[in-house]
Each structure stands twice: as structure tokens, then as C-alpha cells.
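Every number in the working numbering is 59 more than the matching position in the sequence shown, counting from 1.
A short worksheet on the structure shown next.
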Amino acid sequence: MQPSPRLQSLIEHSISSLNFLTPEQAHSFLENGFVVVKNAFPQDMADQICGNAWAELHDEFGIVAEDRNSWRRHPHGYIRTNGRQLHFKLDDEAPNAALAQCDVLGGRERLPHNGSHLMFAGGVIANFGVESQKEWEPPSPRQGGWHKDGWHFRHFLDSPEQGLLTVPIYTEVLPQSGGTFLARDSISHVARLLLEYPAGFHADSVQGAGYLIPYLIEQCNDFVELTGEPGDLALLHPYMLHRRAVNPTDRPRFIANLAIVLEEPMCFQRDQEDPYSLVELAVLTALDKSSLDHEPANPREAFVPAPFRKEPDATTRRAELKEEMRIMLESGVETPSWGSSFGYMTNNPDNH
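Structure (C-alpha cells):
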């Protein structure tokens, strides 16, 4: 669907304000929900991060880069390293990566500290092929693990806690080699749900077992796997549903997933002197609107992520989620019957 003339004018105005991204890259982000910026950071930075990760993997798990058999010492082949305090300030060491992120978000002034704290840490998400994994299958709705990032806050249409997902690629990621699966058309479905329910959603509702995920992902039919080379930077819309993929190869995949926080919530009623960000424009395009009056119906709220909750917070949050699930079922938003078979929570007791 083509944007309205008014929305198209706003898009062109925002694109004319970009400092680094090309118009083609900007349109790619708006149309696909993500863009891969080639050579956004130096190869030697990727090499340093990978070397640091291999050292940590050896010390923590006995995994050695040169010994493929050792890669199987972790049962799931999917490991996060903490990075051991390695950091790279992007303004100094990867300015193109900083410029690209600022462009998508509407400029440095919309980031805390004017974007001067943008950095890559040394941690990686490693995806090794292990014998216990199933064979690679193309992305489709009926798979476990689809989710919307953001396990630490109540989700609203304009949430500032996660303004952009950035995925630096540290090793070559070829097709069918463990690249993250993306649902390119998920932005519109997530946007409509968030618009319709300004009360917002519990953090657990959209995580890897969230009851809303099957409802959202079964509306999607445009899937792709994320591939790239060391030095590439993928910029993903924060509404993008995604999931990890099996890596059936003997090529380890090292990436990171970093969320960029906004200084203020997203705004969908900007004037001509204050261009929309590409992230905001993607939402407006999905909703076929040139402006939008949105106000959350509940206070913004931080959550302790589910794996780290302690009592009594854990019990309180479970009760809140249960009540939300009941309300959503009564409003017609129902977890599809297949959801529980793939590990998702369900708000329909008949689906257990």
C-alpha cells in the first residue's frame, strides 16, 4: 500500500534530513522494518570482539576455536558471553555505526547525552551447530521462540525504553547458518495492537513464551533470515518479531543485540520543523496515518526481567499477567490453538 501524499511528503522531508544513510537505505528500513549497513565498523573491531569471546568461551565452557568437537560442550549451542568489560565508543572507533543509528532515530538530540554514549560492548551471542539441534527449517509462524524484545518494561506504542534494535555482525553469517529469523511484516501488526490497547502490555506478554506472540506471528507471511559479514550493522525496528535459528553448519555465528534508549517517548504528532524519525514513520506508515494522537492509559513501568524476579514481585507479576490475559481474551485477542504446542503461554483455557 502506497503512503498517502501527506505521509509521503513527511517521509521525504525526514529523508532529506539524514546525515549518513542513503535514501535507498532509509526506504529499505521503512519498507522492510530493518536495514543492513555494510562496513559500519572496522574489521579489526570485529576481530577483537571475537578474540575476546573465544577467550571467555574457553575459560567458562572449555570451548576452543580450533577444536570443533569442543563446541558441542554446551548442550544448546547458543551462548551469551558478557564481554569482560571490553567496550568501543562508537563516535571514536566506529563513527559510521553511530551516524547510522542517529539517522534512524531522528538525530542525536533524541538520544541520552546526544548519543555520545553509543558503544559496542565485548559480549556476543554465539550460535554453534550442535548434534542435538533439529535440522534447519525456513522461518514460519508455527515455530517456538518468536518474540518482541523488551522484557523490562510495559509496552506502549511510543515506548522509549527500546527505540531501536542494533545487531552488529562479528562473523560471516551465510544463508542457513544460524542467522536470526525476522518477520518483516510484523511491525504493522504490533503497531495496530499497541494502538488499539493504550493500557499497554505486560513485559512477559511478548517474550519468547508470550501469549500474544502466536496471535501476532500468525498474521505474518513475510519472513527473512539475517545474513551479513563482519563489520555489518543491522538496524531493526523495535516492533520487529524475531527468533533465533538453528545453525546446522560448522561455522560459528557471533553477533550482538543492543537496544537503544530514547531520551523521550516516540512522538507521532510532530510539526514541519521537527521531522519524524524513520522508526516513527514506519509506525505511521503501518497505520496509514500522517499523525497520531496517542497517550498511554497507564503509567510507564519498569519490570525486573522474569528470570531474575524474586518474591513477592514474581507472584505479583504472574497475577498481573493472568488478569491481562483474561481481559484480552474477553476483548477478542485469543492465543491460537497451536500456540501451546510450541511452548507459548495461552490465554484460552480450552487450548491447554
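The beta-carbon is built from N, C-alpha and C at its ideal position, and this holds for glycine as well.
Treat the numbers as computed from the prediction; the structure is a model and nothing was measured.
For residue i, the three-state DSSP class (helix, strand or coil)
{"i": "H223", "result": "Here the sequence assigns Leu to residue 223, which means His is not the residue at that position. Three-state result, L223: strand."}
{"i": "I228", "result": "strand"}
{"i": "K381", "result": "helix"}
{"i": "D126", "result": "strand"}
{"i": "M104", "result": "helix"}
{"i": "A293", "result": "strand"}
{"i": "A268", "result": "coil"}
{"i": "H261", "result": "coil"}
{"i": "L254", "result": "helix"}
{"i": "F120", "result": "helix"}
{"i": "R65", "result": "helix"}
{"i": "R302", "result": "strand"}
{"i": "H248", "result": "helix"}
{"i": "H133", "result": "coil"}
{"i": "H353", "result": "coil"}
Rounded distance between the beta-carbons of residue j and residue i, thought under 8 Å
{"i": "P273", "j": "Y403", "result": "5 Å"}
{"i": "F120", "j": "A341", "result": "That belief does not hold up - the Cβ atoms of F120 and A341 are roughly 39 Å apart, past 8 Å."}
{"i": "L69", "j": "S349", "result": "6 Å"}
{"i": "A413", "j": "A318", "result": "With the chain covering only 60 through 411, there is no way to say anything about residue 413."}
{"i": "F222", "j": "P154", "result": "Reading the sequence as shown, one finds Gly at residue 222 and not Phe. Between P154 and G222 the Cβ distance is about 20 Å, and since that is not below 8 Å, they are no contact."}
{"i": "V94", "j": "D291", "result": "Incorrect: roughly 10 Å between the Cβ atoms, too far for contact."}
Nearest-angstrom Cα separation, counted from residue j out to residue i
{"i": "T405", "j": "T394", "result": "5 Å"}
{"i": "L170", "j": "C161", "result": "8 Å"}
{"i": "L337", "j": "R132", "result": "42 Å"}
{"i": "E255", "j": "E125", "result": "52 Å"}
{"i": "R359", "j": "Q235", "result": "39 Å"}
{"i": "Q144", "j": "F313", "result": "17 Å"}
{"i": "I184", "j": "T239", "result": "11 Å"}
{"i": "E284", "j": "S129", "result": "27 Å"}
{"i": "E288", "j": "T230", "result": "6 Å"}
{"i": "P227", "j": "D217", "result": "25 Å"}
{"i": "H301", "j": "H206", "result": "6 Å"}
{"i": "S73", "j": "F327", "result": "13 Å"}
{"i": "S175", "j": "V232", "result": "29 Å"}
{"i": "L253", "j": "N141", "result": "33 Å"}
{"i": "P257", "j": "R127", "result": "50 Å"}
{"i": "I276", "j": "H248", "result": "8 Å"}
{"i": "C279", "j": "S63", "result": "23 Å"}
{"i": "D150", "j": "G209", "result": "26 Å"}
{"i": "A356", "j": "F215", "result": "9 Å"}
{"i": "M325", "j": "D118", "result": "42 Å"}
{"i": "A99", "j": "T81", "result": "13 Å"}
Closer than 7 Å: residue i CB and nearest the ligand ZN heavy atom
{"i": "A304", "result": "The ligand content of the structure shown is nil, which means the ligand ZN is not present either."}
Cross-strand partners of residue i (DSSP beta bridge)
{"i": "I423", "result": "Since the first and last residues shown for the chain are 60 and 411, residue 423 lies out of range."}
{"i": "E284", "result": "F240"}
{"i": "V94", "result": "L294"}
{"i": "I319", "result": "L223"}
{"i": "F88", "result": "In the DSSP output, where bridge partners are listed per residue, F88 has none listed."}
{"i": "A361", "result": "F212"}
{"i": "H206", "result": "H301"}
{"i": "H72", "result": "DSSP output for H72 lists no bridge partner at all."}
Complete beta strand (DSSP E) runs within the stretch 148 to 180 (minimum length 3 residues, chain order): 178 to 180
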